[in-house]
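See structure below.
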Amino acid sequence: MDHPIGGLYLPSKVFCALTEHSGEGYYGPKTEAILSSLVLHWIATAKASPRPWLGESDADDSEPAAAPLDADAPVLTSNTSEPSASRGYQWKQVFLPNGTELRVIHGGRSTYAKVEAEQIISDGIQTTPSRLANASGCGTCNAWQAIRLRFPGSTRWQRAAGCRR
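Per the working numbering, the sequence shown runs over residues 186 to 350.
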């Protein structure tokens, strides 16, 4: 049984580099498979740390910490039947795949939008990041600082500027 891990965070630069390198642009099935295979490889090849909560002072060298990976088995898996991750909205150097949610908070009131059919839609109307950020009428908000993003498959909101680096 798979379990989502809510408190596991990566530095923004690492997260953005990982999702960009995977070709997805967000934390989707391909990125999950890459990250999972990296962790499994590390577990299989690194010596286990002592587990003092079990009364161990050193890891038992007679048993491997994990079964070694089969050298002939493919490390990365991806479901080719998944919808193409190449559809979405290109916001300068940040790609927002379809399903990405955008949020701006002005005066304690949130305004939401979502990337649908390669467009940003807010309240049923097509918009831009700048228009969304300045929807309160001030006209001077920096969209990169004002907008929070939640990519498909993620539960965490992150500042758009953090994905820009």
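Just so it is clear, CB atoms sit at the ideal spot from N, CA and C, and this is done for glycine as well.
Model, not experiment: these values are computed from the prediction.
Cα-Cα separation between residue 209 and residue 221, rounded to whole angstroms:
Going by the C-alpha atoms only, they are around 16 Å apart.
When 276, 340, 337, 312 are compared against residue 329, the one with the closest alpha-carbon
Of the candidates 276, 340, 337, 312, the one whose C-alpha sits nearest the C-alpha of residue 329 is 276.
Return the first residue and the last residue of the beta strand (DSSP E) that residue 296 is part of.
Residue 296: member of the beta strand (DSSP E) spanning 294–301, first to last residue.
Alpha-carbon to alpha-carbon, residue 302 and residue 214:
A direct Cα-to-Cα measurement between residue 214 and residue 302 gives close to 20 Å.
For residue 314, tell me which candidate among 291, 345, 197, 295 has the shortest Cα-Cα distance.
For residue 314, the closest alpha carbon among the candidates 291, 345, 197, 295 is that of 345.
Residue 338 in three-state terms, based on DSSP
Coil.
Between residue 320 and chain B, is any beta-carbon pair separated by less than 7 Å?
Looking for chain B here will not work: only one protein chain is present.
Between which two residues does the beta strand (DSSP E) carrying residue 282 extend?
Per DSSP, the unbroken beta strand (DSSP E) holding residue 282 starts and ends at 279–282.
Under the three-state DSSP convention, the category residue 213 falls into
Coil, per DSSP.
If we count the other Cβ atoms within 10 Å of its Cβ and call it buried at 16 or more, is residue 283 buried or exposed?
Result: buried.
Could you check whether residue 318 and residue 307 sit closer than 7 Å to each other, using their CB atoms as the reference points?
Residue 307 places its beta carbon 7 Å or farther from that of residue 318.
Pull up the DSSP beta-bridge partners for residue 199, would you.
Paired residues: none, contrary to the question.
Helix, strand or coil at residue 310 according to DSSP, with G and I counted as helix
Residue 310: strand per DSSP, three-state reduction.
Assuming contact is defined by CB atoms lying nearer than 7 Å, are residue 286 and residue 335 in contact in what I supplied?
Contact: yes.
Given this structure, state the Cα-to-Cα distance separating residue 202 from residue 312, to the nearest angstrom.
Roughly 27 Å between the two C-alpha positions.
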